[in-house]
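Okay, so here's the structure we're looking at.
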Amino acid sequence: MTAKIALKDVHKSFGAKQVLSGVTLDIMPRESMVIIGGSGTGKSITIKSILGLVTPDKGEVWVDDTRADTVRGSRRDALLDKFGMLFQGGALFDSLTVWENVAFRLRRRMSVTDARDLAIVKLRRVGLGPENADLFPAELSGGMQKRVGLARAIADDPEIIFFDEPTTGLDPIMSDVINDLIREVVTEMGATALTITHDMTSVRRIADKVAMLHGGIIQWTGSVSDLETCGDPYVDQFINGRADGPIEALR
Amino acid sequence: MALFSAFQGFLAGIGASVLGMLRTTGALVLFAAQGLIHCILPPWYWRETLRQMLRIGYFSLPVVGLTALFTGAVLALQIYIGGSRFNAEGVVASIVAIGIVRELGPVLGGLMVAGRVSAAIAAELGTMRVTEQIDALTTLSTNPFKYLVAPRLIAGVLTLPILVAVADIIGVMGGFLVGVNRLNFNAGTYIANTVNFLEAGDILSGLYKAAVFGFIITLMGCYHGYHSGRGAQGVGAATTNAVVSASVLILAANYILTELFFST
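Here is the structure:
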């Protein structure tokens, strides 16, 4: 089986700072991959290089049979149509109402009423009633904004969904709700999912496979069930949250 | 040796700032070109463009109108003082009209709108950059240049001339009010002098200027907002840079345009 998303030796630096120094990772169709790693290890840059928001200095990014890092024009639009993304802060458009945010992509191929109806269906899927549809994002709590972001990400039934720190800034109960929602929508849509997080509860709830990113490369990758017993010193230190180990922590 | 390295450092400093300036100019020209291409090529976001026209044009009317009113009024007083020194008080009406229409309407109107609009655009786009809304647009298969930059550029170029046309009328009215009520001109004569001495070219040159200023104002707002740095400080700097650069460029462009209209 060929990988849905394949990163091959991806390098990226900003000025003198080398962020990615040869990331190689395969994500299979319908798999839920979670990239773990400390802050500033390049998790976001990895996702952004798949989406073409950041151009790698070296290496290749493949999505299905398309070179995602070099594709331009209408083929890039077609490629991006396969993606849905939940941003860390939600990244909701604050000049648009909740339903307009959710229906942003739908509006191009359906009428206003159809798009609105479908947006309300998607909102209900993430546990938000239709009474929220005409509010503005600023009127919602953080957890609700995250749900709207999730509804927007899944609105057009994407083949691939990215989750950037989905539980950061939420209370433990809301984190659990969001984790459940992510697991459910990914499974029922049959989508390929890529999540970046440093929340280990989240990892155990939503991952099929886990990749540990540190020092600009993938240190370890494997099934979530092997996480505890893999014996990799980086993974071991990270999942147990120890200050001592190969990952140097600033004190 | 120490003198030599100090001199070298001095030259390097000059070189670095020149290179930085060239880099910024190049980036700005590319940004403007990209923005213009997206103004011309479909798809267009008309709803977004209309919304921006409302924001840039309609909501700037009060501030531009007040600016024009007081400028016209002051102009009438000043020209009366100047004119009375060689018994030429009669020129007040025509000089107020020409001054407002050719120069002060577009320039002061442009500067007021620059303060209001380019700051607002830079703050909005900067916040969108910082909160990843611009990245979100891309992931929703929407080109940020098409959705954010092009509607604002189109709105700026289309609405500023309309805004300045209104400002011209209000400015001339400001002069009229002072002329008739304070300087005791005959109302009919004042209007006749205004109409008779004003040429279509005077009005048009002002409106062309306004269109260029509209482009400058929205371009500076978009450019600085789009390239905003991280955090509140980044957005603050983007806002300041947008207003300062838009204002300076308006004054510079005004000279160049006046020179162009002057020679033809």
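If you read the protein sequences in the order shown, they are chains F and L.
All residue numbers for the first sequence refer to the working numbering, where the first residue is 1 and numbers rise by one.
All residue numbers for the second sequence refer to the working numbering, where the first residue is 252 and numbers rise by one.
No residue lacks a Cβ here, since even glycine has one placed at the ideal position from N, Cα and C.
Exercise for the section: State the start and end residues of the unbroken alpha helix (DSSP H) segment that holds residue 28 of chain F. Expected result: Mapped onto the first sequence, residue 28 of chain F falls at position 28. Looking at the DSSP string, residue 28 of chain F is not in any alpha helix (DSSP H), and its letter there is neither H nor E.
Handout entry: Cross-strand partners of residue 220 of chain F (DSSP beta bridge)
Key = Looking up residue 220 of chain F in the first sequence gives position 220. Paired residues: F:212.
Handout entry: Distance, residue 35 of chain F Cα to residue 59 of chain F Cα
Key = Within the first sequence, residue 59 of chain F is the residue found at index 59, counting from 1. Within the first sequence, residue 35 of chain F is the residue found at index 35, counting from 1. Rounded to the nearest angstrom, the two C-alpha atoms are 19 Å apart.
Handout entry: Proximity of residue 286 of chain L and residue 364 of chain L at Cβ, strictly below 9 Å
Key = Position 35 of the second sequence, counting from 1, holds the residue named residue 286 of chain L. Position 113 of the second sequence, counting from 1, holds the residue named residue 364 of chain L. Cβ atoms of residue 286 of chain L and residue 364 of chain L: not closer than 9 Å.
Handout entry: Closer than 8 Å at the beta carbon, the chain L residues around residue 91 of chain F
Key = Here the question's residue 91 of chain F lines up with position 91 in the first sequence. Here the neighbours are 382, 383, 384, 386, 387.
Handout entry: Limits of the unbroken beta strand (DSSP E) element including residue 13 of chain F
Key = Here residue 13 of chain F refers to the residue found at position 13 of the first sequence. It spans 5–14 - the beta strand (DSSP E) in which residue 13 of chain F sits, taken as one unbroken run.
Handout entry: DSSP state of residue 295 of chain L mapped onto helix, strand, coil
Key = Along the second sequence, read from residue 1 onward, the residue named residue 295 of chain L stands at position 44. Residue 295 of chain L falls in the coil class under three-state DSSP.
Exercise for the section: Report yes or no: do three or more beta-carbon pairs, one from the region 118–130 of chain F and one from the region 402–421 of chain L, lie closer than 8 Å? Expected result: no
Exercise for the section: For residue 237 of chain F, collect the residues of the same chain with a Cβ closer than 7 Å to its Cβ; drop the 5 residues on either side in sequence, then sort them by chain order. Expected result: Taking the first residue of the first sequence as 1, we reach residue 237 of chain F at position 237. Once the five neighbours on either side are set aside, the close Cβ partners of residue 237 of chain F are 245, 246, 247.
Exercise for the section: List the residues of chain F that residue 230 of chain L touches, going by C-beta distances under 7 Å, in chain order. Expected result: With chain L running from 252 to 515 in the structure shown, residue 230 of chain L is simply not present.
Exercise for the section: Tell me whether residue 305 of chain L is buried or exposed, calling it buried when 16 or more other Cβ atoms sit within 10 Å of its Cβ. Expected result: Here residue 305 of chain L corresponds to residue number 54 of the second sequence, with the count starting at 1. Under this definition residue 305 of chain L is an exposed residue.
Exercise for the section: Just mark residue 65 of chain F as buried or exposed, buried being the case when its beta carbon has 16 or more other beta carbons within 10 Å. Expected result: As a working mapping, residue 65 of chain F is identified with position 65 in the first sequence. Residue 65 of chain F should be labelled exposed.
Exercise for the section: Enumerate in chain order the residues of its own chain whose CB-to-CB distance from residue 318 of chain L is below 8 Å, with the five nearest sequence positions on each side excluded. Expected result: Counted from its first residue, the second sequence places residue 318 of chain L at position 67. The answer, listed in chain order, is 359, 360, 363, 418.
Handout entry: Cβ-heavy atom distance, residue 90 of chain F to the ligand FMN, below 8 Å
Key = Within the structure as shown, the ligand FMN is missing, as the structure has no ligands at all.
Exercise for the section: May I have the straight-line CA-CA distance separating residue 387 of chain L from residue 104 of chain F, to the nearest angstrom? Expected result: Position 136 of the second sequence, counted from the start, is the residue given in the question as residue 387 of chain L. Position 104 of the first sequence, counted from the start, is the residue given in the question as residue 104 of chain F. The alpha-carbon atoms of residue 387 of chain L and residue 104 of chain F are separated by roughly 11 Å.
Exercise for the section: Indicate the three-state DSSP secondary structure (helix, strand or coil) for residue 247 of chain F in the structure shown. Expected result: Position 247 of the first sequence, counted from the start, is the residue given in the question as residue 247 of chain F. DSSP places residue 247 of chain F in coil when its eight states are reduced to three.
Problem - Whole-number beta carbon distance between residue 414 of chain L and residue 343 of chain L, since they are thought to touch under 8 Å - result: Counting from 1 along the second sequence, the entry for residue 343 of chain L is found at position 92. Counting from 1 along the second sequence, the entry for residue 414 of chain L is found at position 163. 25 Å between Cβ atoms; not a contact.
Practice task
Please confirm whether residue 83 of chain F and residue 14 of chain F have their CB atoms less than 9 Å apart.
Solution key: Position 83 of the first sequence, counted from the first residue, corresponds to residue 83 of chain F. Position 14 of the first sequence, counted from the first residue, corresponds to residue 14 of chain F. Not in contact: residue 83 of chain F and residue 14 of chain F (Cβ atoms no closer than 9 Å).
Problem - Rounded separation between residue 336 of chain L and residue 440 of chain L - CA only - result: Residue mapping note: residue 336 of chain L aligns to position 85 of the second sequence, counting from 1. Residue mapping note: residue 440 of chain L aligns to position 189 of the second sequence, counting from 1. When rounded, the distance between both Cα atoms is 21 Å.
Practice task
State the start and end residues of the unbroken alpha helix (DSSP H) segment that holds residue 188 of chain F.
Solution key: What you label residue 188 of chain F is simply residue 188 of the first sequence in a count that begins at 1. Taken as a continuous stretch (DSSP letters only), the alpha helix (DSSP H) holding residue 188 of chain F covers 172–189.
Problem - Closest Cα partner of residue 181 of chain F within the set F:143, F:217, F:218, F:215 - result: Position 181 of the first sequence holds residue 181 of chain F. That would be F:143, whose Cα lies nearest to the Cα of residue 181 of chain F.
Exercise for the section: Just the C-alpha distance for residue 112 of chain F and residue 312 of chain L, rounded to the nearest angstrom, thanks. Expected result: In the first sequence, the residue the question calls residue 112 of chain F occupies position 112. In the second sequence, the residue the question calls residue 312 of chain L occupies position 61. The alpha-carbon atoms of residue 112 of chain F and residue 312 of chain L are separated by roughly 32 Å.
Exercise for the section: In angstroms with no decimal places, state the Cα-to-Cα distance between residue 425 of chain L and residue 270 of chain L. Expected result: Here residue 425 of chain L refers to the residue found at position 174 when the second sequence is read from its first residue. Here residue 270 of chain L refers to the residue found at position 19 when the second sequence is read from its first residue. Cα to Cα, the separation comes out at about 47 Å.
Problem - 6 Å CB neighbourhood of residue 479 of chain L in its chain, flanking five on each side removed - result: Here residue 479 of chain L is taken as the residue at index 228 of the second sequence, counted from 1. Once the five neighbours on either side are set aside, the close Cβ partners of residue 479 of chain L are 377, 380, 485, 486, 489.
Handout entry: Assumed close pair residue 196 of chain F, residue 165 of chain F - CB separation to whole angstroms, cut-off 8 Å
Key = Locating residue 196 of chain F in the first sequence gives position 196, counting from the first residue. Locating residue 165 of chain F in the first sequence gives position 165, counting from the first residue. That belief holds up - the Cβ atoms of residue 196 of chain F and residue 165 of chain F are roughly 6 Å apart, short of 8 Å.
Handout entry: residue 227 of chain F versus residue 127 of chain F: straight-line alpha-carbon distance, rounded
Key = The residue you call residue 227 of chain F lines up with position 227 of the first sequence. The residue you call residue 127 of chain F lines up with position 127 of the first sequence. Taking the straight line from one Cα to the other gives about 31 Å.
Problem - Cutoff 9 Å: residue 379 of chain L Cβ touching any chain F Cβ - result: On the second sequence, position 128 is the one that residue 379 of chain L refers to. Residue 379 of chain L counts as touching chain F.
Exercise for the section: Could you tell me which chain L residues have their CB closer than 9 Å to the CB of residue 85 of chain F, listed as they occur along the chain? Expected result: Stepping through the first sequence from its first residue, residue 85 of chain F is reached at position 85. Per Cβ cutoff of 9 Å: 386, 387, 390, 391.
Exercise for the section: Reducing DSSP to helix, strand and coil, say where residue 71 of chain F ends up. Expected result: On the first sequence, residue 71 of chain F is found 71 positions in, with the first residue counted as 1. Three-state DSSP puts residue 71 of chain F in coil, outside helix and strand.
Practice task
Run down chain L in chain order and give the residues with a C-beta less than 7 Å from the C-beta of residue 81 of chain F.
Solution key: Looking up residue 81 of chain F in the first sequence gives position 81. By Cβ distance, chain L contributes 392.
Problem - Any chain L beta carbon closer than 9 Å to residue 150 of chain F - result: Here residue 150 of chain F refers to the residue found at position 150 of the first sequence. No, residue 150 of chain F does not count as interfacial toward chain L.
Practice task
Could you pull out every residue in the same chain whose Cβ sits closer than 7 Å to the Cβ of residue 396 of chain L, ignoring the five residues on either side in sequence?
Solution key: Position 145 of the second sequence, counted from the first residue, corresponds to residue 396 of chain L. Cβ within range, chain order: 285, 286, 289.
Handout entry: Exposure of residue 353 of chain L, with buried meaning 16 or more beta-carbon neighbours within 10 Å
Key = Within the second sequence, the letter at position 102 stands for residue 353 of chain L. Result: buried.
Handout entry: Any chain L beta carbon closer than 9 Å to residue 52 of chain F
Key = Along the first sequence, read from residue 1 onward, the residue named residue 52 of chain F stands at position 52. By this cut-off, residue 52 of chain F is an interface position.
Exercise for the section: Under 8 Å by Cβ, that's how I've got residue 356 of chain L and residue 422 of chain L pegged, so tell me the actual separation to the nearest angstrom. Expected result: For the purposes of this step, residue 356 of chain L is taken as the residue at position 105 of the second sequence. For the purposes of this step, residue 422 of chain L is taken as the residue at position 171 of the second sequence. Contact holds; Cβ gap of about 5 Å.
Exercise for the section: Mind listing the chain L neighbours of residue 77 of chain F? Cutoff is C-beta to C-beta under 8 Å, in chain order. Expected result: Residue numbering aside, residue 77 of chain F sits at position 77 when the first sequence is read from its first letter. Correct list: 392.
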